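In this note's numbering, the protein residues as written are 126 to 660. The next block holds one structure in the form of structure tokens; read it before the comments.
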């Protein structure tokens with residue numbers, strides 16, 4: 126696997142004071158710089174940088190928003206056959222922006238090709254255990270056929286579109302899938318679907334039975350957390366998700382007699398922090414941190430109208446600023462704002478009328494006392510989560526860098542052809558998977574899918590610090606065939622930065638975590654599976 130060039134190590138985390146928003150106390154980034162190719166000419170790049178310095182802030186913001194951060198590099202190298210091709214960063218960024226806008230609008234070009242994702246060959250189901258905390262599962266061939274959303278101008282061969290067949294047994298504790306997915310999921314000429322709600326409830330009889338089991342566990346005098354994790358691994362009913370997350374997160378005591386007192390004390394403590402610290406955001410020493418938070422928040426989940434409300438953005442500003450002030454070892458790092466989002470929507474869903482649509486609900490209609498509870502609980506649960514992955518956000522973010530290295534070594538063993546394809550096209554895992562670990566896949570799939578994924582991550586021991594590695598490996602392997610079709614650096618990066626997950630549902634997430642569990646079972650106890658391959 127490629128890694129950071131030691132000669133460029135100083136430049137890798139280098140700050141560019143001329144970049145708007147890249148202020149000194151805030152050193153993290155959702156998108157790490159794409160490393161300069163060893164073959165590039167420093168003199169020529171320096172000359173090109175000089176000509177680019179006159180770009181306006183508006184152009185800079187549009188060109189890098191949610192695509193990638195090019196850092197100090199102005200040219201990228203890719204190869205087509207034996208001929209080297211130089212790509213201007215302006216062209217690459219503009220192309221990426223067009224792709225992202227197309228992806229957000231949910232509209233595909235009429236000539237868009239489709240990608241046929243083949244089966245992910247697994248071991249025999251009989252040789253694998255059941256996923257934790259489920260009665261039975263047979264890990265299926267992992268296949269899908271989804272339309273791609275990257276630029277149709279990229280030339281590629283389009284294999285025939287197939288069907289996604291799944292056995293009812295593949296989804297533990299989830300509604301069985303029957304036959305083939307609807308044609309509109311497979312046919313790019315079909316009408317575009319409306320976006321799936323962030324949280325949707327099901328009235329099926331099976332879900333009602335599961336909900337009763339959750340209620341029974343939660344309401345017991347001393348909740349058996351092991352049994353609760355077992356039940357939660359395959360998804361949590363929306364009506365009990367908020368309380369279950371509080372318990373699994375460690376915020377709510379298992380002893381029911383202590384819960385009311387604990388919640389009251391912790392909520393009052395949060396608001397005392399707000400009273401004590403929030404006014405300091407205007408002081409010179411903290412102004413840069415608050416400014417970066419203020420810039421990042423409007424970029425969260427731009428497809429969900431809920432997060433464009435001023436009152437919601439103000440709640441996020443308080444949560445993130447108080448956390449940054451109380452955790453000076455890391456401070457605020459870009460990406461932490463996304464980790465508040467799942468907690469916020471789950472706790473807000475608990476506070477609004479059950480027949481209301483969370484995506485568009487006016488939060489100012491929620492009583493002030495209920496809003497205060499949502500905000501305080503979101504703060505404490507995010508803090509508990511970050512306590513377990515603190516080294517992901519300390520200086521130079523060593524936890525994430527280590528996970529990226531492990532992902533490369535793991536992929537070399539589970540999908541050698543894809544790994545070699547990425548390496549041969551000079552794709553470094555840091556260029557795309559840094560964001561995956563930094564945001565826990567928040568930016569790679571719809572928010573509703575992230576909430577379902579977090580059900581499993583909460584239920585899995587060390588889910589956010591360890592199991593997420595295998596989730597990312599399964600996620601990358603899911604798109605293996607489509608990635609192998611791309612023949613150059615540009616095509617690979619465009620696809621990796623804009624994977625076609627806009628129409629994903631809980632079914633895909635159930636398959637994803639099942640495959641992640643299979644990988645964990647196969648490799649977690651192998652002492653050398655994350656070590657560099659001997660030469």
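Cβ atoms here follow ideal geometry from the backbone N, Cα and C, with glycine treated the same way. Treat the numbers as computed from the prediction; the structure is a model and nothing was measured.
- Step through the CB atoms of chain C and report whether any lies within less than 7 Å of the CB of residue 474. Annotation note: the requested chain C is absent from the structure, which comprises a single protein chain.
- Give me the Cα-Cα distance between residue 267 and residue 630, rounded to the nearest whole angstrom. With a pLDDT of 45 at residue 267, under the threshold of 50, the modelled position of that residue is not reliable, and no figure is offered here.
- Do you know how far the Cα of residue 596 is from the Cα of residue 309? Since pLDDT at residue 309 reaches only 29, below the 50 mark, its modelled position is unreliable, and the value read off the structure follows with that caveat. Taking the straight line from one Cα to the other gives about 27 Å.
- Using 10 angstroms around the beta-carbon of residue 407, count the other beta-carbons present and answer buried if the total reaches 16, otherwise exposed. exposed
- Item | Cutoff 7 Å; reference residue 422; Cβ partners in own chain excluding five residues on either side | 438, 441, 442 and 462
- Query: According to the neighbour-count rule (16 or more other Cβ atoms, all chains shown, within 10 Å of its Cβ), is residue 348 buried or exposed?
  - Reply: buried
- Message: Quick check on residue 349: does DSSP put it in helix, strand or coil?
- Response: Here residue 349 sits in coil by DSSP.
- Message: Report the CB separation of residue 565 from residue 589 in whole angstroms; it is logged as a contact under 8 Å.
- Response: Confirmed, about 7 Å.
- How is residue 380 classed by DSSP in three states: helix, strand or coil? The three-state secondary structure of residue 380, taken from DSSP, is strand.
- Taking the alpha carbon of residue 91 as the point to measure from, which residue in 583, 615 and 601 has its own alpha carbon closest? Residue numbering for the chain in the displayed model covers 126 to 660; residue 91 lies beyond these limits and cannot be assessed.
- Message: Closest to residue 584 by C-alpha separation, out of 593, 538, 398 and 358, would be which residue?
- Response: 358
- Taking the Cβ atom as the reference point for each residue, do residue 558 and residue 532 lie within a distance shorter than 7 Å? yes
- residue 366 and residue 488: beta carbons closer than 7 Å? no
- Which two residues bound the contiguous alpha helix (DSSP H) that contains residue 553? Looking at the DSSP string, residue 553 is not in any alpha helix (DSSP H), and its letter there is neither H nor E.
- Query: Which one of 446, 467 and 394 has the shortest CA to CA distance from residue 457?
  - Reply: 446
- Message: Considering Cα atoms alone, identify which of 562, 336, 490 and 645 is closest to residue 511.
- Response: That would be 562, whose Cα lies nearest to the Cα of residue 511.
- Task: Have a look at residue 455 and residue 333 and give me their C-alpha separation to the nearest angstrom.
- Result: Taking the Cα positions, residue 455 is about 43 Å away from residue 333.
- What span of residues does the alpha helix (DSSP H) with residue 646 cover, start to end? 631-648
- Where residue 397 falls: helix, strand or coil (DSSP): If DSSP states are grouped into helix, strand and coil, residue 397 belongs with the helices.
- Within its chain, find whatever has a CB closer than 8 Å to the CB of residue 425; leave out the 5 residues flanking it on each side and keep chain order. 432, 441, 462, 463 and 466
- Task: Rank 645, 637, 403 and 377 by C-alpha distance to the C-alpha of residue 360 and give the top, closest one.
- Result: Relative to the Cα of residue 360, the nearest Cα in the group 645, 637, 403 and 377 belongs to 637.
- Message: Relative to the C-alpha of residue 546, which candidate in 516, 607, 506 and 381 has its C-alpha closest?
- Response: 607
- Message: Let's see if you can read the secondary structure: which residues bound the alpha helix (DSSP H) around residue 363?
- Response: 363-374
- Task: Helix, strand or coil for residue 493, going by three-state DSSP, please let me know.
- Result: helix
- Query: Considering only residues of the segment 440-496, which uninterrupted beta strand (DSSP E) runs meet the minimum length of 3 residues and lie entirely inside it, listed in chain order?
  - Reply: none
- Query: Quick one: what's got a C-beta closer than 6 Å to residue 605's C-beta in the same chain, skipping five residues either side?
  - Reply: 540 and 543
- Message: Assuming contact is defined by CB atoms lying nearer than 7 Å, are residue 504 and residue 444 in contact in what I supplied?
- Response: yes
- Query: Going by the CB atoms, is the gap between residue 501 and residue 395 shorter than 7 Å?
  - Reply: yes
- Query: How about residue 376 and residue 506: do their beta carbons lie closer than 7 Å?
  - Reply: yes
- Task: Would you mind sorting residue 142 into buried or exposed? The rule is 16 or more other CB atoms within 10 Å of its CB.
- Result: Note that residue 142 scores 44 on pLDDT, short of 50, meaning its location in the model is unreliable; the coordinates nonetheless yield the value given after this. By the 10 Å Cβ count, residue 142 comes out exposed.
- Message: Going by C-alpha to C-alpha distance, which of 368, 567 and 417 sits closest to residue 626?
- Response: 567
- Query: For residue 374, which residues of its own chain have a beta-carbon under 8 Å away from its beta-carbon, when the five flanking residues on both sides are left out?
  - Reply: 506, 509, 510 and 583
- Item | Extent of the continuous alpha helix (DSSP H) run through residue 577 | 572-584
- Task: Take residue 346 as the anchor and find which of 336, 379 and 338 has the nearest alpha-carbon.
- Result: 379
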